Every structure is written in structure tokens, then in C-alpha cells.
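Q: This is the structure I want to talk about, given as C-alpha cells.
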Amino acid sequence: MAAVEITPVAFEDPPLLNVVGVHQPYALRAIVRVRTDSGSVGLGETYADETHLARLAAVARAVVGTDVFDLN
């Protein structure tokens, strides 16, 4: 694994008209881009509050330099 980029994004997510509880008017997500030493790129999306972003950053630091084919 050559690099991991985490890009937080927020977008409008209005509540439904028939909800009992109301959430924030936006959704927090992160786009995760991984790149291998050979140049292959993978993209993913996940939840992205502050706690989750910190966990993603820790995992990103841990996987850079590892072999993408080492599954154990």
C-alpha cells in the first residue's frame, strides 16, 4: 500500500416529513482513496464523524507500507 487519502465531506440531508426524531440537516461522510505501489487505485465511502475520522487516520497510517495481498 503506497498511500491512503481520507477526504471528509458533508452534504445536505434534510429530515423526512414523517420522522419522530430529527437529525442534523447534513450527512457526514469520508471518501477513502487507496493507492498501491503499482498505481492501482481503490475508492470507498464511509461515515465520518470526528471519532470515526480519527480511527480512519490511525488505520491509514498502519496500512501504508503493507502488502495489499497479505490478507492475514
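Sequential numbering from 8 applies to the sequence shown in the numbering used here.
Positions of the beta carbon are idealized from the N, C-alpha and C atoms, including for glycine.
Note that the structure is a prediction, hence the values are computed from the model and not measured.
Count the other C-beta atoms from every protein chain shown that fall within 10 angstroms of the C-beta of V41, then say buried if there are 16 or more, exposed otherwise.
A: Counting from 1 along the sequence shown, the entry for residue 41 is found at position 34. The residue in question, V41, is buried, as its Cβ has 16 or more Cβ neighbours within 10 Å.
Q: Sort P21, I38, R36 by Cα distance to H30 and report the nearest one.
A: Start at 1 with the first residue of the sequence shown, and residue 30 comes out as number 23. Answer by Cα proximity: P21.
Q: Distance, Cα to Cα, M8 vs V70?
A: Here residue 8 corresponds to residue number 1 of the sequence shown, with the count starting at 1. Here residue 70 corresponds to residue number 63 of the sequence shown, with the count starting at 1. Taken atom to atom, the span from the alpha-carbon of M8 to that of V70 is near 7 Å.
Q: Confirm, please, whether the CB-CB distance from A17 to Y33 is below 8 Å.
A: In the sequence shown, residue 33 corresponds to position 26, counting from 1. In the sequence shown, residue 17 corresponds to position 10, counting from 1. Yes, the pair counts as a contact, with Cβ atoms nearer than the cut-off.
Q: I think L60 touches I13, with their Cβ atoms under 8 Å apart; what is that distance to the nearest whole Å?
A: What you label residue 60 is simply residue 53 of the sequence shown in a count that begins at 1. What you label residue 13 is simply residue 6 of the sequence shown in a count that begins at 1. Rounded, the Cβ-Cβ distance is 7 Å, consistent with contact.
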